[in-house]
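Engineer:
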Amino acid sequence: MSLRVLSIADLPVAKMERVIVHWTGGPYNASALDREHYHFLVEGDGDVVKGDHSVKSNEVVVPGRGYAAHTLGCNTKSIGISACCMLGAQEGTASRPLRAGSNPMKQTQWEKLALVAADLCEHYDIPVTRETVLGHGEVQKNLGITQRQKWDPMALPWDPNFQKPANYSAVGDMFRARVRAALKPAPTVEIPAEARVLLKNEFFPAVLEDGSSWGAIKAMAAKFGWRLIKITQKTASVQIGSETHEMDFINEDGTGYVQLVDLAKALDLQISWDPISRTIKLD
Ligand SMILES: [Zn+2]
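Residues in the sequence shown are numbered consecutively from 1, following our numbering.
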C-alpha cells in the first residue's frame, strides 16, 4: 500500500512503538523551534512539514545527541506529530468554555494529522490502540507517565460537544477511528461480468452477478410489448400477455435487470449458457 501524505524518504528504518499527537500552541506556521520538537507538523493550510530530527533519532535517546523532545519522559520510540495552532488557547472546564485563541485548530488539520499517523503506523508496523496512538493529553492517563497539565490535541474547536476534559478520551478514540479508517484498503468496485441474452432471435444486454444471470428488462419489454407494472428495490412486476409475474430485480448503473431464471419461468422456456459467445439462451 502506498503512503498517503508522507514521503518514504522521510521514514528511515527504525523500531518505533507509538505515535503521540500534539498541537504546538503557536500560530499556523511551523517555527524553527516547532521543527526542533516534532518529527512532522501540519500547518494551518494543511501542508505537512518535516521536523529537524529524523524518526530514527528517537529510537534510542542518547544523551548529548539531538532528538525530537515532544513528550515529557516518553520520547524513546515515540514519534511526535503536531498541528501548528492554538496560540493563546485556554482549556475549557466544567464551568468555562474552551477558548481556542487566535489560531484555533482546523478540522482539516486534525484530519491530516490522522493521515500522517496512518502512514507512520503502516510504515513502522504500529498497532492503533490507546497506548500506541494517542494525544499528548492522554499520555498520563493511558501510559501512566506524569505530564504537566497537557491537554493537546484533545479539544476540537469546531465541535462544541468535544471541548471539555470529560470528552478528551472520546476525542482520542475518534482520532484513532480515523487512523484505522485511513489504513483500510479502498474498496475495489467490481464491474459485473458482461453477457447477452438471446430471446426469440433477439439479443439484449445481460450481466452475470451474484451467482445469477440478469437481462435488461426495459429493452425486452419494449421489444415484446410487455408492461412494467411496478419496480421496487428488489423486485419487478412484469405483465406478459394477461398475466403478471414477479421477478427478482437489480439496478446496475441506471439499467434495470430481471433475473433470467424468473423470466424463463414466466415464459415457460428453458435457460442455457453458451460460453463461447457469452450468451444466455431462453428457448
Ligand atoms: Zn504536546
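For each residue, glycine too, the CB sits at the ideal point set by N, CA and C.
1. Quick one: is N286 buried, meaning 16 or more other Cβ sit within 10 Å of its Cβ, or exposed?
2. Given that a residue counts as buried once 16 or more other Cβ atoms are within 10 Å of its Cβ, and exposed if not, what is Q289?
3. Would you give the residue range spanned by the beta strand (DSSP E) that H39 belongs to?
4. Alpha helix (DSSP H) containing Q107: first to last residue?
5. Determine contact between the region 150–162 and the region 90–100, defined as no fewer than three beta-carbon pairs at a distance below 8 angstroms.
6. Looking at the unbroken beta strand (DSSP E) that takes in E202, where does it start and where does it end?
7. Please check if any C-beta of chain D sits within less than 8 angstroms of the C-beta of K234.
8. Measure the Cβ-Cβ separation of R178 and A236 and say whether it is below 8 angstroms.
9. Run the proximity test for K150: is its beta-carbon closer than 7 angstroms to any non-hydrogen atom belonging to ligand 1?
10. Considering only the beta carbon of each residue, do G51 and R65 sit closer than 8 angstroms?
11. Taking the continuous beta strand (DSSP E) assigned at E194, which residues delimit it?
12. In chain order, what residues of the same chain have a beta carbon less than 7 angstroms from the beta carbon of Q239, not counting five sequence neighbours either side?
13. Locate the beta strand (DSSP E) running through M16, then write down its first and last residues.
14. Please report how far the alpha carbon of H245 lies from the alpha carbon of L183, in whole angstroms.
15. Just the Cα atoms here: how many angstroms apart are I217 and I280?
16. Mind checking whether T307 and V139 have CB atoms under 8 angstroms apart?
17. Could you check whether V48 and V55 sit closer than 8 angstroms to each other, using their CB atoms as the reference points?
18. Within a Cβ cutoff of 6 angstroms, which residues of the same chain sit near N142, ignoring the five residues on either side of it in sequence?
19. Less than 7 angstroms between C-beta atoms, sequence neighbours within five positions excluded: which residues of the same chain meet that for D283?
20. Roughly how many whole angstroms lie between the Cα atoms of M16 and F175?
21. Any chance the CB of H70 is under 7 angstroms from a heavy atom of ligand 1?
22. Can you give me the Cβ contacts of Q107 inside the same chain, cut-off strictly under 7 angstroms, excluding the 5 residues immediately before and after it?
23. Beta-carbon separation of L208 and A222 under 8 angstroms?
24. For R18, I'd like the list of residues in its chain whose CB is within less than 6 angstroms of its CB, leaving aside the five on either flank, ordered along the chain.
25. Going by the C-beta, is H53 closer than 7 angstroms to any heavy atom of ligand 1?
26. Is the distance from the Cβ of I81 to the Cβ of H39 below 8 angstroms?
27. DSSP three-state label for D159, please.
Structural biologist: By the coordinates alone:
1. Residue 286 is absent from the model: the chain starts at 1 and stops at 283.
2. Summary: the structure shown does not reach residue 289, with the chain confined to residues 1 through 283, and so no result is reported for it.
3. That residue, H39, is in no beta strand (DSSP E); it is neither H nor E in DSSP.
4. 107–124
5. yes
6. 202–209
7. Among the chains of the structure shown, chain D does not appear; only one protein chain is present.
8. no
9. yes
10. no
11. 193–199
12. W226, R227, I229
13. Where M16 is concerned, there is no enclosing beta strand (DSSP E), given that its DSSP letter is neither H nor E.
14. 47 angstroms
15. 14 angstroms
16. Since the displayed the chain opens at 1 and closes at 283, residue 307 lies outside it and no answer follows.
17. no
18. R130, E131, L134
19. L269, Q270
20. 20 angstroms
21. yes
22. W158
23. no
24. S78, T132
25. no
26. yes
27. coil
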